[in-house]
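J.: Chains as they are written, first to last, in the numbering used here: chain A, 70 to 367; chain B, 92 to 423.
Every residue, glycine too, gets a C-beta built ideally from N, C-alpha and C.
Would you mind keeping the following structure in view while I ask a few things?
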Amino acid sequence: MDANTFLIQVLNGIQYGLLLFLVASGLTLILGIMGIINLAHGTFYMVGAYLAFSLSQHFGSLWLAMAGGVVIAVVIGIVLEWLLISRLYHRDHLYQVLLTYGLILIFEELRSVVFGDDVHGVAVPEMLRASIPLNETLSYPVYRLWMSAVCIVLALGMYLLIQKTRLGMTIRAGAANREMVQSLGININLLYRLVFALGVALAAFAGMIAAPVASVFPGMGNQVLIVCFVVVVIGGIGSVKGAMLAALLIGLVDTFGKVLTLEIGGLHILPELSGMMIYVLMAVVLLARPQGLFGKSG
Amino acid sequence: MRHSRATFVLLACLLALALLPHFAEKYYIQLFTKIMIMAIFAMSLDLLVGYTGLVSLGHAAFFGLAGYVLAYAAPQYEAANLWLSLPLAMACSGLLALVIGALVLRTSGIYFIMVTLAFAQMLFFLFHDTKIAGGADGIYVYAKPVAAIAGWAPFTLENHVHFYFVVLVLLTLVYAVLRRLLASPFGRVIVGIRVNEQRMRSLGYRTYRYKLVCFVLAGALAGMAGYFAAAQFGFVSPETLSWHQSGGVLMMVILGGMGTLTGAVLGAFAIILLELGLQALPDAGGVEIAKHWQLLMGTFIVGAVLLLPHGLLGLRRLWPGSERKPAEASHG
Numbered sequence: 070m071d072a073n074t075f076l077i078q079v080l081n082g083i084q085y086g087l088l089l090f091l092v093a094s095g096l097t098l099i100l101g102i103m104g105i106i107n108l109a110h111g112t113f114y115m116v117g118a119y120l121a122f123s124l125s126q127h128f129g130s131l132w133l134a135m136a137g138g139v140v141i142a143v144v145i146g147i148v149l150e151w152l153l154i155s156r157l158y159h160r161d162h163l164y165q166v167l168l169t170y171g172l173i174l175i176f177e178e179l180r181s182v183v184f185g186d187d188v189h190g191v192a193v194p195e196m197l198r199a200s201i202p203l204n205e206t207l208s209y210p211v212y213r214l215w216m217s218a219v220c221i222v223l224a225l226g227m228y229l230l231i232q233k234t235r236l237g238m239t240i241r242a243g244a245a246n247r248e249m250v251q252s253l254g255i256n257i258n259l260l261y262r263l264v265f266a267l268g269v270a271l272a273a274f275a276g277m278i279a280a281p282v283a284s285v286f287p288g289m290g291n292q293v294l295i296v297c298f299v300v301v302v303i304g305g306i307g308s309v310k311g312a313m314l315a316a317l318l319i320g321l322v323d324t325f326g327k328v329l330t331l332e333i334g335g336l337h338i339l340p341e342l343s344g345m346m347i348y349v350l351m352a353v354v355l356l357a358r359p360q361g362l363f364g365k366s367g
Numbered sequence: 092m093r094h095s096r097a098t099f100v101l102l103a104c105l106l107a108l109a110l111l112p113h114f115a116e117k118y119y120i121q122l123f124t125k126i127m128i129m130a131i132f133a134m135s136l137d138l139l140v141g142y143t144g145l146v147s148l149g150h151a152a153f154f155g156l157a158g159y160v161l162a163y164a165a166p167q168y169e170a171a172n173l174w175l176s177l178p179l180a181m182a183c184s185g186l187l188a189l190v191i192g193a194l195v196l197r198t199s200g201i202y203f204i205m206v207t208l209a210f211a212q213m214l215f216f217l218f219h220d221t222k223i224a225g226g227a228d229g230i231y232v233y234a235k236p237v238a239a240i241a242g243w244a245p246f247t248l249e250n251h252v253h254f255y256f257v258v259l260v261l262l263t264l265v266y267a268v269l270r271r272l273l274a275s276p277f278g279r280v281i282v283g284i285r286v287n288e289q290r291m292r293s294l295g296y297r298t299y300r301y302k303l304v305c306f307v308l309a310g311a312l313a314g315m316a317g318y319f320a321a322a323q324f325g326f327v328s329p330e331t332l333s334w335h336q337s338g339g340v341l342m343m344v345i346l347g348g349m350g351t352l353t354g355a356v357l358g359a360f361a362i363i364l365l366e367l368g369l370q371a372l373p374d375a376g377g378v379e380i381a382k383h384w385q386l387l388m389g390t391f392i393v394g395a396v397l398l399l400p401h402g403l404l405g406l407r408r409l410w411p412g413s414e415r416k417p418a419e420a421s422h423g
């Protein structure tokens with residue numbers, strides 16, 4: 070593997086990791102702050118991708134599709150929290166698993182009714198269609214760099230929102246002690262609704278920007294969901310910083326697992342078993358730190 | 092008195108199941124065989140979810156692995172021996188549960204749910220991405236296992252009625268053994284762990300070991316179900332260990348009413364019959380409802396969570412004169 074190929078794989082790994090972070094950060098926030106395990110979180114990623122597909126055809130522009138898609142995602146998040154999720158706060162995790170599992174079935178089937186079961190593609194916007202040449206044969210698409218940049222900007226924005234603003238302070242307080250925050254006169258229900266809608270919007274947005282590079286297909290949400298669970302477990306529940314680190318780690322491990330070859334005693338380990346790599350990583354982290362890298366112990 | 096009524100209802104159900112092959116067609120006998128296999132699977136999960144308080148979202152790993160063991164244990168195009176391959180399949184599932192359990196039991200709560208899911212997924216990719224057992228296409232089990240002991244076979248699984256009774260006997264056996272186990276001091280300890288693990292630890296119980304034993308036992312029983320499912324269907328694919336399978340069986344346990352065993356069986360019957368019912372629905376307003384039956388299933392699950400906090404068995408409280416509180420009332 071020469072330097073240019075290596076560079077491309079590193080960039081791909083980081084880009085995949087950052088995309089995972091967008092989905093996983095919402096998942097970890099909803100878990101850490103609201104105590105809700107949301108299996109349908111990957112579904113919102115799928116919803117985002119299909120919104121990008123259908124709205125970009127309708128508007129003729131991916132930019133308009135993204136703007137419209139985020140608004141729709143926020144509305145979906147608010148309605149779901151209001152109708153269903155808000156009834157789960159005092160219930161066992163078991164019922165959260167079951168209800169959100171039911172939501173997956175509903176959303177997947179609605180997707181099948183509306184869009185069918187075919188694989189679709191979304192065109193890369195005109196202005197980002199270029200590639201940066203690395204040598205005579207290799208080049209790197211600008212769109213992927215733009216994706217990474219957007220993810221970094223969003224991550225920074227989230228950090229500032231949670232650590233530096235009054236709203237973020239209230240959210241952190243709500244995670245620590247729901248009753249106390251409520252008795253201080255803060256509308257905790259509204260706060261939770263906002264957090265949930267934010268999580269849905271982040272996942273859907275990730276689906277939208279990923280649509281041009283990774284086609285739009287049935288079941289794409291569940292694939293992402295399970296990887297994001299691994300991210301959350303490795304990073305530690307509720308820790309956005311942990312999610313960032315774990316997402317980058319998984320992005321790189323997964324990308325390199327697919328391009329490296331490894332043989333031990335005639336057995337092909339890589340790339341044949343690359344699909345398992347991230348789970349092995351998770352098992353190792355669990356052995357060393359059951360609460361995740363940045364999780365609170367106990 | 093109440094106890095005797097419950098026993099009476101159970102015996103009546105058992106009698107009805109035993110009489111079914113006398114008047115049902117082959118299709119229904121095979122359908123009920125499939126349901127009873129899933130009922131064993133659901134009961135094994137109930138041991139974890141309902142009694143020990145361990146919500147596993149990766150239970151299909153043990154179910155699916157046993158099917159693969161059966162496919163592997165059989166010589167090409169020939170039948171495996173039941174008395175060898177069944178214990179082997181259950182042992183493999185149990186061993187896998189030991190390895191996975193030793194790791195995942197270091198976590199609890201939400202972590203446990205996610206980690207069990209992730210491990211099952213790891214196994215899914217192992218069978219899906221590698222050539223070891225047909226990859227994504229799956230692998231055939233060409234012949235049903237033979238139950239021969241030194242040339243003499245007491246029954247043959249190729250006969251669907253025999254198969255039905257074997258599964259019925261196993262269902263009854265698993266139910267009785269689990270009931271007995273749960274009534275024993277061991278059973279009291281694991282229920283104690285669900286209710287308050289800290290207290291059990293301070294009483295001197297090594298709770299980790301108890302949970303691990305449960306996890307392994309549940310894994311081996313799920314293996315038993317997976318073995319017969321593979322034998323009946325004649326085909327194993329990575330889908331048998333997918334998380335849809337894990338989610339589906341969890342649904343049976345919770346919908347039926349967890350922490351009761353009977354609820355798990357009831358849930359298996361209810362879900363599979365409901366699935367068939369939904370798939371038989373006629374088109375309405377240009378939408379092929381039967382094709383999109385999952386939409387209604389999802390709505391049903393969401394509705395059940397919101398409206399039936401104690402599962403289907405919880406409905407028995409509507410029965411006049413029934414004051415008995417379901418066991419799961421103390422849960423959560």
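Just to check my reading of the structure: A:I145 and A:V116 have Cβ atoms closer than 8 angstroms, yes? What is that Cβ distance to the nearest angstrom?
T.: A:I145 to A:V116, Cβ: 7 angstroms. Contact.
J.: Short check: CB of B:L262 to CB of B:M349, under 8 angstroms?
T.: no
J.: Could you tell me which residues DSSP pairs with A:T239 in its beta bridges?
T.: Note: A:T239 sits in no beta bridge, so no partner.
J.: May I ask you to report which of helix, strand or coil DSSP gives B:P166?
T.: coil
J.: Do B:S135 and B:A316 come within 8 angstroms of each other at the CB atom, strictly closer than that value?
T.: Yes, the pair counts as a contact, with Cβ atoms nearer than the cut-off.
J.: Mind listing, in chain order, the continuous beta strand (DSSP E) runs of no fewer than 3 residues lying wholly within the segment 135-197 of chain A?
T.: none
J.: DSSP state of B:F210, grouped into three classes?
T.: helix
J.: With distances taken Cα to Cα, identify the nearest neighbour of B:E366 among B:T353, B:I380, B:F154.
T.: Closest in C-alpha terms to B:E366, from the list B:T353, B:I380, B:F154, comes B:I380.
J.: Does the beta carbon of A:S181 sit closer than 8 angstroms to a beta carbon anywhere in chain B?
T.: Taking CB atoms only, A:S181 has a neighbour in chain B less than 8 angstroms away.
J.: When the Cα atoms are used, what is the spatial distance from A:G361 to B:T198?
T.: The C-alpha of A:G361 lies about 10 angstroms from the C-alpha of B:T198.
J.: Just to check my reading of the structure: B:V146 and B:F203 have Cβ atoms closer than 8 angstroms, yes? What is that Cβ distance to the nearest angstrom?
T.: 6 angstroms
J.: Work out the CA separation of A:L98 and A:P287 for me, nearest whole Å.
T.: So the two alpha carbons sit approximately 26 angstroms from each other.
J.: Can you find a CB in chain A that lies within less than 8 angstroms of the CB of B:M127?
T.: no
J.: Could you pull the start and end residues of the beta strand (DSSP E) that A:E332 belongs to?
T.: 331-333
J.: Taking Cβ-Cβ distances shorter than 7 angstroms, what residues in chain A pair up with B:H383?
T.: E178, S181, V182
J.: Got a sec? Which residues, its chain only, sit under 7 angstroms from B:T207 by beta carbon, not counting five neighbours each side?
T.: S147, L148, G149, V195
J.: Which of the three DSSP states, helix, strand or coil, is assigned to B:L294?
T.: coil
J.: By a C-beta neighbour count over all protein chains shown, 10 Å radius and 16 as the cutoff for buried, is A:R180 buried or exposed?
T.: buried
J.: Out of curiosity, what's the CA-to-CA distance linking A:H337 and A:S343?
T.: 10 angstroms
J.: If you scan the segment 290-353 of chain A from start to end, which runs of the beta strand (DSSP E) of 3 or more residues do you find wholly inside it?
T.: Qualifying beta strand (DSSP E) stretches, in chain order: 331-333, 336-339.
J.: Please confirm whether A:V302 and B:A209 have their CB atoms less than 8 angstroms apart.
T.: Cβ atoms of A:V302 and B:A209: closer than 8 angstroms.
J.: Could you check what DSSP says for B:I240 in three-state terms: helix, strand or coil?
T.: strand
J.: Could you have a look at B:M92 and say whether DSSP puts it in helix, strand or coil?
T.: Caution applies to B:M92, whose pLDDT of 47 falls short of 50 and renders its modelled position unreliable; the model cannot decide the point.
J.: Name the two residues that bound the continuous beta strand (DSSP E) containing A:S200.
T.: Residue range 200-202 is occupied by the beta strand (DSSP E) that includes A:S200.
J.: Only counting the same chain, and skipping five residues up and downstream in sequence, which positions put a Cβ closer than 7 angstroms to that of A:N107?
T.: L96, I99, T169
J.: Cβ closer than 7 angstroms: which chain B residues qualify as neighbours of A:Y164?
T.: V396
J.: So who's on the other strand from B:M326, going by DSSP bridges?
T.: Before going further, note that residue 326 of chain B is Phe rather than Met in the sequence given. Beta-bridge pairing links B:F326 to B:Y231.
J.: Could you give the C-beta distance for A:F241 and A:I147, rounded to a whole number, given that I count them as a contact under 8 angstroms?
T.: Here residue 241 of chain A turns out to be Arg, not Phe, going by the sequence shown. Contact flag wrong, Cβ pair sits at about 21 angstroms.
J.: In chain B, which residues lie less than 8 angstroms from A:Y261 when you measure between Cβ atoms?
T.: The contacting residues do not exist; A:Y261 stays about 17 angstroms from chain B at best.
J.: At least one CB of chain D closer than 8 angstroms to the CB of A:R247: is that the case?
T.: Note that chain D does not occur in the displayed structure, where the protein chains are A and B.
J.: Since B:T124 meets chain A, which of its residues come closer than 9 angstroms, beta carbon to beta carbon?
T.: What B:T124 touches in chain A: nothing, since even the nearest Cβ is about 26 angstroms away.
J.: What is the DSSP secondary structure of B:P434, counted as helix, strand or coil?
T.: In the structure displayed, chain B extends from 92 to 423; residue 434 of chain B sits before or after that span and is not available.
J.: Taking Cβ-Cβ distances shorter than 8 angstroms, what residues in chain B pair up with A:I295?
T.: L208, A209, Q212, W334
J.: Taking 8 angstroms as the CB-CB limit, is A:G111 close to chain B?
T.: no
J.: Can you confirm whether B:M388, when its beta carbon is compared against all beta carbons of chain A, has any partner nearer than 8 angstroms?
T.: Taking Cβ atoms only, chain A reaches closer than 8 angstroms to B:M388, which makes this a yes.
J.: So which of A:M346, A:L89, A:L339 has the shortest CA-CA distance to A:V322?
T.: A:M346
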